[in-house]
Amino acid sequence: MWQSYVNGLLVALGLIMAIGTQNAFVLAQSLRREHHLSVAALCVVCDALLVAAGVFGLATVLAHSPLLLAIARWGGAAFLLWYGALALRRACSRQSLGQGEGQKMRSLRAVMLSALAVTLLNPHVYLDTVLLIGSLGAQQTEPGAYVAGAASASFLWFSTLALGAAWLAPWLARPATWRLLDLLVAVMMFSVAYQLIRIPELI
167 MWQSYVNGLL
177 VALGLIMAIG
187 TQNAFVLAQS
197 LRREHHLSVA
207 ALCVVCDALL
217 VAAGVFGLAT
227 VLAHSPLLLA
237 IARWGGAAFL
247 LWYGALALRR
257 ACSRQSLGQG
267 EGQKMRSLRA
277 VMLSALAVTL
287 LNPHVYLDTV
297 LLIGSLGAQQ
307 TEPGAYVAGA
317 ASASFLWFST
327 LALGAAWLAP
337 WLARPATWRL
347 LDLLVAVMMF
357 SVAYQLIRIP
367 ELI
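My numbering numbers the first residue of the sequence shown as 167 and each following residue consecutively.
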């Protein structure tokens, strides 16, 4: 059970820590103190629901097809290796996360609709949560623990952005910080890919 939980935690952390529109939006709302806790909670719930849909939906399909299970295993490992390589590439470039300051305070409804759009209208969210995380989770011995691990990663990350934005802002604005995070992402991705390729009996 704990192996499945840790796998879900590491995979989800590796995916959500990369600079992206969702992270930029959450951080910007947090810096302005504009319904930032509600935005973070919405992102966590959306991630958890999408991961659960991917894991349990794909689990049913894969359980009846050893061929699809093998494809998911090797395809997932290949994607993780590719994603890890991209993270290493980003670690060699200069980048920072825009803070989006200087905007008028908006209503809760407007902010939440924007958060939904940023989260659900981004095609990468479905590739990451439903297909990639879902296909990996469908192969776990304890898929429920895997979903819990992925949800925990989302909760930890977005809570950190929402509650620690003011303190984290100067730190996150430095390119060196994101290079370090990308190195950690690469290590996580390569680690889980190794488990898929070398020790599938443990996942």
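For every residue, glycine included, the Cβ atom is placed at its ideal position computed from N, Cα and C.
No experiment lies behind these values; they were computed from the predicted model shown.
_Proximity winner among Gly174, Met355, Gly242, relative to Ala316 (alpha-carbon distances)_ = Gly174
*Can you tell me whether Ile182 is buried or exposed, with buried defined as 16 or more other CB within 10 angstroms of its CB?*
buried
_Buried versus exposed call for Gly119 [16 or more other C-beta atoms within 10 Å across all chains shown]_ = Outside the displayed range of the chain (167 to 369) lies residue 119, so it cannot be described from this structure.
*Apply the 10 Å Cβ neighbour rule to Trp168 and answer buried if 16 or more other Cβ atoms are within range, or exposed otherwise.*
exposed
*In three-state terms, what does DSSP make of Gly330?*
Shown here, Gly330 sits in coil according to DSSP, grouped into three states, outside any helix or strand.
_Continuous alpha helix (DSSP H) stretch holding Val413: start and end_ = Residue numbering for the chain in the displayed model covers 167 to 369; residue 413 lies beyond these limits and cannot be assessed.
*Relative to the C-alpha of Asp294, which residue among Tyr171, Val177, Val172, Pro309 is closest?*
Val177
*Compute the Euclidean distance between the alpha carbons of Ala214 and Ser259, then round it to the nearest angstrom.*
31 Å
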